[in-house]
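Each residue of the sequence shown is one higher than the last, beginning at 1 in full-length UniProt numbering. In this text, a Cβ means the ideal position worked out from N, Cα and C, and glycines have one as well. One structure is given below, encoded as structure tokens.
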Amino acid sequence: MKTENVFQLTVPTPYPVGDVHMYVLKGDTLSLIDAGVNTAEAWEGIKDQLKAIGYQVTDIEQLILTHHHPDHIGLVDRFDHVENIYGHQLVQPWLTHDQAYFNRYQQFFEQLYEDCGVPDQFRALLKSLIVEKYLSGKSSLTDFLKEGDALPGHEDWQVLETPGHAQSHLSFYHSGHHSLLAGDHVLAHISSNPLLEPPSQEGESRPKPLLQYRDSMTKLLNYEIDQVYPGHGELFHRVNHLIRDRIKKQEARAEKVYRFLAEGPLTAYETCQRLFPKQYKTQFGLTMSETIGQLDYLESVGKVTVEQVKDYYVYRPNK
Numbered sequence: 001m002k003t004e005n006v007f008q009l010t011v012p013t014p015y016p017v018g019d020v021h022m023y024v025l026k027g028d029t030l031s032l033i034d035a036g037v038n039t040a041e042a043w044e045g046i047k048d049q050l051k052a053i054g055y056q057v058t059d060i061e062q063l064i065l066t067h068h069h070p071d072h073i074g075l076v077d078r079f080d081h082v083e084n085i086y087g088h089q090l091v092q093p094w095l096t097h098d099q100a101y102f103n104r105y106q107q108f109f110e111q112l113y114e115d116c117g118v119p120d121q122f123r124a125l126l127k128s129l130i131v132e133k134y135l136s137g138k139s140s141l142t143d144f145l146k147e148g149d150a151l152p153g154h155e156d157w158q159v160l161e162t163p164g165h166a167q168s169h170l171s172f173y174h175s176g177h178h179s180l181l182a183g184d185h186v187l188a189h190i191s192s193n194p195l196l197e198p199p200s201q202e203g204e205s206r207p208k209p210l211l212q213y214r215d216s217m218t219k220l221l222n223y224e225i226d227q228v229y230p231g232h233g234e235l236f237h238r239v240n241h242l243i244r245d246r247i248k249k250q251e252a253r254a255e256k257v258y259r260f261l262a263e264g265p266l267t268a269y270e271t272c273q274r275l276f277p278k279q280y281k282t283q284f285g286l287t288m289s290e291t292i293g294q295l296d297y298l299e300s301v302g303k304v305t306v307e308q309v310k311d312y313y314v315y316r317p318n319k
């Protein structure tokens, strides 16, 4: 079996999550997994760290992207010499800066927040959702990756679709080495945020990212994984123990939400205020995604019912 070599690069980001990792993958092709954040400091860091392991930027032959978030695709346009850029098809509108997609993205959240009973002052934050496109490099995928594909130039690495943190999220598994290039799907030090996004096609129901995240985490239990290369934080082992612990903690948080609802029906916004009293004003998008995820979970297991009241929806516990 051909030995695959993995080299970690690490650069700072302006986000609370801190540093982000990329990985140089050496095989039949020299690939870079993810492309950092669009800052001068990150670009210099990539160049310096490539040099330290004996490479230059121009030695990178292709990019492979785990998902569309700006700390993972920020510098794609700096690699304008590469022959191929691979990723999930849902990365494409973020790379091309598809204005029609961004308009639909904003309209989705405007309607969602209205349905959730969100006050007007928080709806002004919607504009910041689209600002992130300016932190993402502009380019285009040359081909899409999907479940079961082998990574081009790295045939021993298998593509796993792992939606939840992002609808576009992919992880890459090496069965011979029992290794996982995990992106942001599973991190050692924090739980990944399953983030709300609009459906990929107009007219479809919205995705339920926490339910997807649970499924994607459980999916990893079917694989023998000894080494995880994450997008943030330290490399780690014992992924099965971590997965079971994360699912247990998520279910405990859902029970907390259920106890709130047992005191009386609440909108998603009111639930968010109760669940994150100190954070919801400063991290509104993240806390609303988490709250709606817990409500989706409770609805999926038959513990709550959602019903429309005037222009918004409330959640009631099932007795």
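Contact annotation: Thr-271 and Thr-287 have beta-carbon atoms that are not nearer than 8 Å. Per the C-alpha coordinates, the member of Ala-35, Tyr-269, Gly-45, Val-309 positioned closest to Gly-285 is Tyr-269. Note on the stretch 122-204: whole beta strand (DSSP E) runs with a minimum of 3 residues are 154-161, 170-174, 179-183, in chain order. Using a C-beta cut-off of 8 Å, the stretch 226-234 makes no contact with the stretch 73-83, since fewer than three inter-stretch Cβ pairs fall below that distance.
Per DSSP, reduced to three states, the secondary structure at Gln-294 is helical. Using a Cβ distance threshold of 8 Å, Tyr-258 and Lys-303 count as a contacting pair. Pro-207 and Val-186 have their C-alpha atoms roughly 19 Å apart.
Taking each of Lys-256, Thr-58, Pro-163 in turn and checking the Cα distance to Lys-219, the smallest one comes out for Pro-163.
Between Tyr-213 and Leu-141, the CB-CB gap reaches or exceeds 8 Å. Pairing His-68 with Ala-188 gives a Cβ-Cβ distance that is not under 8 Å. In the DSSP assignment, Gly-45 falls within the alpha helix (DSSP H) that extends over 40-52. Contact annotation, His-154 with Leu-25: C-beta distance approximately 6 Å; criterion of less than 8 Å satisfied. The residues Gly-164, His-165, Pro-209, Leu-210, Gln-212, Tyr-213, Ser-289, Glu-290, Gly-293, in chain order, have a CB closer than 8 Å to that of Pro-194 in the same chain once the five nearest residues on each side in sequence are set aside. Under the three-state reduction of DSSP, Thr-287 is assigned to helix.
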